[in-house]
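A.B. asks: This is the structure I want to talk about, given as structure tokens.
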Amino acid sequence: STVILIFQAPISKSLEDDSASSEFRFCIKRGDRIHVGEALGRWHDS
Amino acid sequence: TSFLRKFQTTQARSSINGGRSNSSKGDSFLVPGATLATIVMLGALHARRLYGDKKLEEARENGIEIEFQPDVKATFLRLLPLRSISRFWGFLASMELPIWIRPYVYRSWARAFHSNLEEAAKPLDKYASLREFFVRTLKDGSRPIDSDPCCLISPVDGTILRFGELKGAGSMIEQVKGFSYSVSSLLGASPFLPVIAEEDIQQDSEGQEIIPRHENKKSWWRISLASPKVRDPAPASLTTGLFYCVIYLKPGDYHRIHSPVDWNVLVRRHFSGRLFPLNERAARTIRNLYVENERIVLEGRWQEGFMAIAAIGATTIGSIELFIEPELWTNQTRKNLLHSEPPEERVYEPEAVGVMLKKGDEVAAFNMG
């Protein structure tokens, strides 16, 4: 069986200082084993 | 071979002697012999599978990407009554086992498919059937949820096959190198799926495409009316992208699906497609595998916008149990032979709020057959 997740997430853009203040990044690699509850990706709350 | 020789010798002796007692001895030998032959065959198949997996793993480590290669066996699979096979397997797996044999059967399963029995919530002899054991719950604390509020967690135990960002109109998800499918064909016609039109795509300072946040009628604002969490208006500069992640669950994995974030499930779609196997070989030989198989799609919104989970069934793990809608039955006998019928859809009430799920909540489970 397979599960596919599709979601919107923040990508970097700040018009004022043009810095990456809020950006989603996957923290996994292809072929990784993962468990329920482990992070797939993170972003920084601006 | 030695077993067959022994069996032939026994049969020959019984026919020479013509005695009833010898004949019955031959019959009694047949049952354990057949069992032994079946075990040997399953062992050989398992060894072959492990060898194939090892070769694939080595290829992946060496940076060799698996490519799509349609083959005759995949074409032949379309002719097989996979749904009936799946349902029969489910029937076999749900047969109650004698208590004394249960630990042996489940330990054998765990050894073959690398399951961790230490995590099982109940003692092994408490699982009445293989089907019940397969969807076992885990001991409390076995799957700690990442406490970072700015992280999206894995909804399942499994292996990461693909992930990335969908950019531009008509973005496709790659099944394997050389074959892709569209998001809309996987999820169905969705009013919530962000429309990424070419004219909407901008370039950021590094030359990468960025997509402005799309507001639609059923926005997070309306959802948040039912939620105590008060959200500030999104700054005009904040943008979102559309991401995806494909996770494959091996037979030995924990087969329950959890919520990846706090979100509101607004719609459920059930596609009663086919039930092809979903292993690595199938992925590289069967076209449109994830789009053709029976699946349940849950769609809704979370604090950053759109969210969807597609749970895709396979031949052995054909049915999907949805905890937020227990009356839903999947892997049913087909009323017609058409595989292209539209999905059955249900909008969860109240509209625009739907069913609220917390990060880590159990959402669904894959069942055998």
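Protein chains in written order, with the working numbering: chain A, 156 to 201; chain B, 45 to 413. Built from N, CA and C at the ideal position, the CB exists for glycine as well.
1. If Tyr298 of chain B sits next to Asp405 of chain B, beta carbons under 8 Å apart, how far is it from one beta carbon to the other, in whole angstroms?
2. Restricting to Cα atoms, I'd like to know which of B:Arg328, B:Lys98, B:Leu401 and B:Pro394 is closest to Ile353 of chain B.
3. Leu160 of chain A to Ala81 of chain B, Cα distance in whole Å?
4. What does the alpha-carbon distance come out to for the pair Glu163 of chain B and Gly214 of chain B?
5. Could you tell me the alpha carbon to alpha carbon distance between Thr284 of chain B and Gly413 of chain B, rounded to whole angstroms?
6. Any idea which residues DSSP pairs Val335 of chain B with across the strands?
7. At a Cβ threshold of 8 Å, is Val227 of chain B touching chain A?
8. Just mark Val290 of chain B as buried or exposed, buried being the case when its beta carbon has 16 or more other beta carbons within 10 Å.
9. I think Arg175 of chain B touches Gly134 of chain B, with their Cβ atoms under 8 Å apart; what is that distance to the nearest whole Å?
10. Check whether the stretch 108-124 of chain B and the stretch 136-152 of chain B touch, using three or more Cβ-Cβ pairs below 8 Å as the test.
11. For a test of the three-state rule: what should DSSP assign to Met400 of chain B, helix, strand or coil?
12. Check whether the Cβ atoms of Ala358 of chain B and Leu310 of chain B sit closer than 8 Å, and answer yes or no.
13. Under a CB-based cut-off of 8 Å, is His90 of chain B close to chain A?
14. By DSSP, does Pro165 of chain A sit in helix, in strand, or in coil?
15. For Arg197 of chain A, collect the residues of the same chain with a Cβ closer than 7 Å to its Cβ; drop the 5 residues on either side in sequence, then sort them by chain order.
16. Trp373 of chain B: buried (16+ other C-beta within 10 angstroms of its C-beta) or exposed?
17. Taking only the alpha-carbon atoms, compute the straight-line gap between Ser234 of chain B and Lys184 of chain A and give it to the nearest angstrom.
18. Pair every Cβ in the stretch 324-333 of chain B with every Cβ in the stretch 215-233 of chain B, then say whether three or more of these pairs are closer than 8 Å.
19. Which stretch, first to last residue, makes up the beta strand (DSSP E) that contains Glu176 of chain B?
20. Let me confirm a value: Arg390 of chain B is counted as buried when at least 16 other C-beta atoms fall within 10 Å, else exposed. Which label applies?
21. Is there a Cβ of chain A sitting closer than 8 Å to that of Ala354 of chain B, yes or no?
22. What does Arg197 of chain A touch in chain B if you count any residue whose Cβ is under 7 Å from its own?
23. Within 10 angstroms of its Cβ, does Ser152 of chain B collect 16 or more other Cβ (buried), or is it exposed?
24. For Gln376 of chain B, count neighbouring Cβ atoms within 10 angstroms of its own Cβ and tell me buried if that reaches 16, exposed if not.
25. In the DSSP assignment, find the beta strand (DSSP E) that holds Arg185 of chain A and state where it starts and stops.
26. Can you tell me where the alpha helix (DSSP H) with Ala326 of chain B in it begins and where it stops?
27. Tell me, please, which residues DSSP counts as bridged to Trp6 of chain B.
28. I want to verify the contact list: residues of chain B whose CB lies under 7 Å from the CB of Arg180 of chain A, in sequence order.
29. Could you tell me whether the Cβ of Ala156 of chain B comes closer than 8 Å to any Cβ of chain A?
30. If you draw a straight line from the C-alpha of Lys183 of chain B to the C-alpha of Ala194 of chain A, how long is it?
31. Would you kindly report the start and end of the unbroken beta strand (DSSP E) that includes Ser226 of chain B?
32. At a Cβ threshold of 8 Å, is Ala358 of chain B touching chain A?
33. Which stretch, first to last residue, makes up the alpha helix (DSSP H) that contains Leu195 of chain A?
34. Taking 8 Å as the CB-CB limit, is Val200 of chain B close to chain A?
35. Could you please give me the residues that DSSP links to His302 of chain B through a beta bridge?
C.D. replies: So, to answer that:
1. Rounded, the Cβ-Cβ distance is 15 Å, inconsistent with contact.
2. B:Leu401
3. 42 Å
4. 42 Å
5. 39 Å
6. Answer is none; Val335 of chain B lacks a bridge partner.
7. yes
8. buried
9. 7 Å
10. no
11. strand
12. no
13. no
14. strand
15. Arg180 and Cys182
16. exposed
17. 29 Å
18. yes
19. Careful: Glu176 of chain B lies outside any beta strand (DSSP E), inside the alpha helix (DSSP H) at Leu174 to Phe178.
20. exposed
21. yes
22. Asp192, Cys194 and Cys195
23. exposed
24. exposed
25. No beta strand (DSSP E) holds Arg185 of chain A; DSSP gives it neither H nor E.
26. Glu324 to Thr329
27. This structure does not reach residue 6 of chain B, given that chain B is present from 45 up to 413, and the question cannot be answered.
28. Ordered by position in chain B, no residue passes the 7 Å Cβ test against Arg180 of chain A, which lies about 10 Å from the chain.
29. no
30. 20 Å
31. Phe223 to Ser226
32. yes
33. No alpha helix (DSSP H) holds Leu195 of chain A; the beta strand (DSSP E) holding it covers Ala194 to Arg197.
34. yes
35. B:Glu406
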